[in-house]
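Protein sequences appear in the order of chains U and Y.
All residue numbers for the first sequence refer to this note's numbering, where the first residue is 1 and numbers rise by one.
All residue numbers for the second sequence refer to this note's numbering, where the first residue is 1 and numbers rise by one.
Note that CB positions come from ideal geometry on N, CA and C, so glycine has one too.
Worksheet: one structure, shown below.
2 protein chains.
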Amino acid sequence: MVTIKDVARIAGVSTSTVSIVINGKAKERKVAAKTCQKVLDTIKALDYKPNLIARRLQNAEEYRPTIALFWPLDFRTYYLTRLLLGMQNEARRLNFSCEIVVSTFESGKIQAEFDSKLASKYDAAIIGAAAPDDLKFLDSLDTTLPIVLFNRYLENYSTVMSDHQTGAAQIAGLFKANGHQRVAVFNSIYPESILSIRSQAFIQACRAINIEIDDSFIYSADNSYPGGAASASQFLGKENRPTAIYCDSELLALGAAYVFHQSGVRIPADIELAAFGLAESAITEYSIPPITIAYVPTEDMAQAGMNIIYNHLQNQSSEVAHLVFKPELIQRESCRLKPE
Amino acid sequence: MVTIKDVARIAGVSTSTVSIVINGKAKERKVAAKTCQKVLDTIKALDYKPNLIARRLQNAEEYRPTIALFWPLDFRTYYLTRLLLGMQNEARRLNFSCEIVVSTFESGKIQAEFDSKLASKYDAAIIGAAAPDDLKFLDSLDTTLPIVLFNRYLENYSTVMSDHQTGAAQIAGLFKANGHQRVAVFNSIYPESILSIRSQAFIQACRAINIEIDDSFIYSADNSYPGGAASASQFLGKENRPTAIYCDSELLALGAAYVFHQSGVRIPADIELAAFGLAESAITEYSIPPITIAYVPTEDMAQAGMNIIYNHLQNQSSEVAHLVFKPELIQRESCRLKPE
DNA sequence: CTGAAAGCGCTTACAG
DNA sequence: CTGAAAGCGCTTACAG
């Protein structure tokens with residue numbers, strides 16, 4: 001690494017002069033034109049780049065904590081915005097001046113990011129969508145860094161979770177009340193797992209109230225519009241179909257709704273449909289038809305995560321918090337509770 | 001600010017000892033239990049927090065440049081993810097190890113963020129959706145920080161723009177070819193401007209080929225599903241309506257499609273519709289009906305922005321780049337070129 | 001106009 | 001087990 005000293009030495013001036021030139025104060029401080037040029041040339045020749053860390057050390061008063069938002073590479077980025085929004089809203093509300101860094105990691109390999117002295121890089125972290133291997137690693141980790149897990153549980157870390165069980169039970173209950181006895185599952189493939197935690201919760205909720213889930217009507221696909229469309233096509237290819245469909249996310253539901261519409265299958269007349277809603281509510285509110293969702297308050301959860309971090313950082317309190325948010329069932333045309 | 005020296009002095013030990021304790025190496029370095037406790041107590045009493053900047057200065061080798069993505073608070077966050085994705089993809093492709101900080105600013109007041117010695121905070125910045133006042137400020141700024149403007153133009157900064165004119169002309173041309181003589185405009189309200197740059201370009205494109213745009217059929221609304229729905233409702237309330245609608249974004253188009261569907265107005269049979277597509281293409285590909293869009297390659301643009309920054313940072317080349325991306329007209333059911 | 005010196009808040013050999 | 005000293009790469013009074 002070439003430093004300001006190298007530049008000074010080679011240009012034959014002092015580091016002060018180099019510093020002045022670098023900072024564009026040459027005019028102001030009346031550095032001689034040729035001195036200035038000499039420095040500039042040397043900088044170019046050596047390909048010198050100032051080290052911002054060192055520079056920043058000067059005005060130590062202005063220190064803003066850096067919060068990392070860890071996000072797996074191969075995960076749906078659809079909700080990332082909402083997380084960021086929530087975090088930023090909360091920071092603003094608290095008048096908490098911080099930097100938010102978005103840091104990606106390969107799912108299951110978060111360890112790689114922690115190797116390089118993470119503790120000295122960030123003041124705190126929110127980790128979204130950790131895979132089982134990531135959790136294993138984190139669990140084994142002994143760090144004082146305030147970390148909040150998003151939608152994952154470890155005892156020793158603060159966690160902010162949506163209550164999948166409740167959301168799943170709401171949907172299952174609605175299906176039951178509407179008289180459905182067999183239900184299909186449109187699952188979204190997460191890295192490293194066949195059934196998402198939400199799908200698992202849903203299937204369990206169904207079993208508990210005697211709704212039949214036939215394994216051959218569980219479809220797994222990428223958590224996307226095309227994924228939902230693909231599942232719907234496969235579904236339509238089968239005989240003796242269930243009368244309602246659970247979708248692991250609204251993207252799957254929207255992709256499926258498209259295919260059903262193409263095929264003349266009417267929602268909800270021919271088949272009813274409900275989904276977990278992870279993105280903004282409007283996306284399923286203005287779809288055709290509007291989709292019933294168990295609405296997960298992603299943004300509120302992110303705010304809560306930020307709040308936890310703020311408290312850790314402010315109060316040096318290293319107490320771990322476990323927050324749970326209940327999804328809200330929003331009934332819309334795709335599956336509405338039948339009267340009587 | 002309380003420093004490690006304060007802790008050392010008050011605890012009656014050396015800074016080395018404090019440092020060891022802080023870094024959890026007390027065991028390893030065999031610090032006496034009571035010394036350790038004394039330090040810990042003092043840290044708590046003084047509410048001491050290590051300064052990460054100073055800490056980071058140690059392993060200077062590991063320096064990763066920090067790129068800021070500036071984003072106006074009140075702006076649609078819908079595309080933010082795509083920007084982030086594009087930036088991160090490019091960084092990965094280039095094997096460019098950097099931190100990406102998402103930094104929000106109040107539209108029109110980006111100045112506030114620059115006041116506090118921005119140059120010493122980030123190595124480079126991408127600025128999205130700058131308002132006129134922001135541009136004015138940036139133009140007056142004299143900085144060596146590599147900055148890329150996203151979808152805005154200033155001569156002295158690198159810019160990455162989508163070619164709105166071409167996109168607008170594509171849509172206008174399609175309308176013309178399909179025989180539309182009068183067209184409505186669903187505009188999205190940006191901060192500080194009545195007509196978005198895209199709407200302006202569209203209206204101009206129409207005038208150039210003698211398509212009539214009646215001022216009373218220009219609707220402005222929030223760039224959102226409800227915004228589009230509101231515009232559509234107003235539109236339906238009027239007599240003697242145009243036969244085609246331009247939407248400033250797909251969100252407006254989707255909101256409008258919903259209202260039309262509710263009202264029994266068929267797309268494209270009763271009215272044709274096309275929009276600028278800023279988010280992922282799938283969102284309009286799987287809508288009912290699928291919407292014709294001038295697809296803006298947001299992600300590619302973000303990659304290009306990152307690439308520019310990388311080059312600046314690597315080569316110390318301070319040359320300004322101006323890149324323009326042509327939108328691609330994707331014809332779908334909502335407005336397809338009629339044969340013959 | 002320019003340089004020597006002190007210092008930003010930490011960590012890390014090294015010595016004892 | 002613990003401390004004095006040097007140093008990370010810069011900037012900033014201050015002196016000349």
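With 16 as the cutoff for other CB atoms within 10 Å, does residue i come out buried or exposed?
i: Y/Ser97; result: exposed
i: U/Leu174; result: buried
i: U/Ser158; result: buried
i: Y/Asn307; result: buried
i: Y/Lys30; result: exposed
i: U/Ile67; result: buried
i: Y/Asn223; result: buried
i: Y/Tyr219; result: buried
i: Y/Glu212; result: exposed
i: U/Thr284; result: buried
i: Y/Asp47; result: exposed
i: Y/Asp134; result: buried
i: U/Met1; result: exposed
i: Y/Glu90; result: buried
i: Y/Leu337; result: exposed
i: U/Pro72; result: buried
i: U/Ile110; result: buried
i: U/Pro297; result: buried
i: U/Pro50; result: buried
i: U/Tyr153; result: exposed
i: Y/Ala208; result: exposed
i: U/Ser162; result: buried
i: Y/Lys27; result: exposed
i: Y/Ser216; result: exposed
Mind checking which residues open and close the alpha helix (DSSP H) that includes residue i?
i: Y/Gly360; result: Past the edges of chain Y, shown from 1 to 340, lies residue 360 of chain Y, and the structure says nothing about it.
i: Y/Asp127; result: Per the sequence presented here, residue 127 of chain Y reads as Ile, with Asp not at that position. Premise fails: Y/Ile127 lies in the beta strand (DSSP E), Ala124 to Gly128, not in any alpha helix (DSSP H).
i: Y/Gly12; result: Segment: none, Y/Gly12 is in no alpha helix (DSSP H) and carries neither H nor E.
i: Y/Ala91; result: Leu80 to Leu94
i: Y/Pro132; result: Pro132 to Ser140
i: U/Tyr225; result: Tyr225 to Leu236
i: U/Ile100; result: That residue, U/Ile100, is in no alpha helix (DSSP H); its beta strand (DSSP E) goes Glu99 to Phe105.
Short check: CB of residue i to CB of residue j, under 8 angstroms?
i: Y/Phe325; j: Y/Asp300; result: yes
i: U/Ala130; j: U/Leu138; result: yes
i: Y/Asn187; j: Y/Asp248; result: yes
i: Y/Tyr122; j: U/Tyr286; result: no
i: Y/Ala274; j: Y/Tyr246; result: yes
i: Y/Ala205; j: Y/Ala177; result: no
i: Y/Glu250; j: Y/Pro289; result: no
i: U/Glu99; j: Y/Val101; result: yes
i: Y/Arg266; j: Y/Asp214; result: no
i: Y/Ala302; j: Y/Gly86; result: yes
i: U/Ala253; j: U/Gly228; result: yes
i: U/Leu145; j: U/Ala124; result: yes
i: Y/Ile10; j: Y/Thr35; result: no
i: U/Ala282; j: Y/Tyr225; result: yes
Can you tell which of the options has its C-alpha closest to the C-alpha of residue i?
i: U/Val320; options: U/Ile147, U/Pro50 and U/Leu84; result: U/Ile147
i: Y/Ile271; options: Y/Ala282, Y/Ile291, Y/Ile283 and Y/Glu280; result: Y/Ile291
i: U/Gly128; options: U/Tyr63, U/Phe260, U/Ser103 and U/Leu195; result: U/Ser103
i: U/Asn240; options: U/Gln170, U/Ala184 and U/Ile194; result: U/Ala184
i: U/Ala221; options: U/Gly86, U/Ala232 and U/Asn156; result: U/Ala232
i: Y/Thr166; options: Y/His180, Y/Lys136, Y/Ile203 and Y/Gln181; result: Y/Ile203
i: Y/Ala230; options: Y/Asn210, Y/Lys238, Y/Val265 and Y/Ala256; result: Y/Ala256
i: U/Tyr63; options: Y/Val18, Y/Thr243, Y/Ala269 and Y/Leu52; result: Y/Leu52
i: U/Thr243; options: U/Thr3, U/Ile293 and U/Ala269; result: U/Ala269
i: U/Arg93; options: U/Tyr310, U/Arg198 and U/Leu323; result: U/Tyr310
i: Y/Asn210; options: Y/His180, Y/Lys238 and Y/Gln200; result: Y/His180
Since residue i contacts residue j with CB under 8 angstroms, what's their CB separation in whole angstroms?
i: U/Gly305; j: U/Ile126; result: 5 angstroms
i: U/Ala54; j: Y/Leu57; result: 6 angstroms
i: Y/Arg82; j: Y/Glu328; result: Contact flag wrong, Cβ pair sits at about 15 angstroms.
i: Y/Ile4; j: Y/Thr15; result: 5 angstroms
i: Y/His164; j: Y/Ile189; result: Not quite, the Cβ-Cβ distance comes to about 17 angstroms (not below 8 angstroms), so this is no contact.
i: Y/Pro65; j: Y/Leu278; result: With a Cβ gap of about 28 angstroms, Y/Pro65 and Y/Leu278 do not count as contacting.
With residue i as the anchor, note down where its beta strand (DSSP E) starts and where it stops.
i: U/His164; result: First-last for U/His164: His164 to Ala177, but that is the alpha helix (DSSP H), not the beta strand (DSSP E).
i: Y/Glu272; result: Glu272 to Gly277
i: Y/Val148; result: Ile147 to Phe150
i: Y/Ser220; result: Ile218 to Ala221
i: Y/Val66; result: Reading off the sequence shown, one finds Thr at residue 66 of chain Y, where the question assumed Val. Start and end: Thr66 to Pro72.
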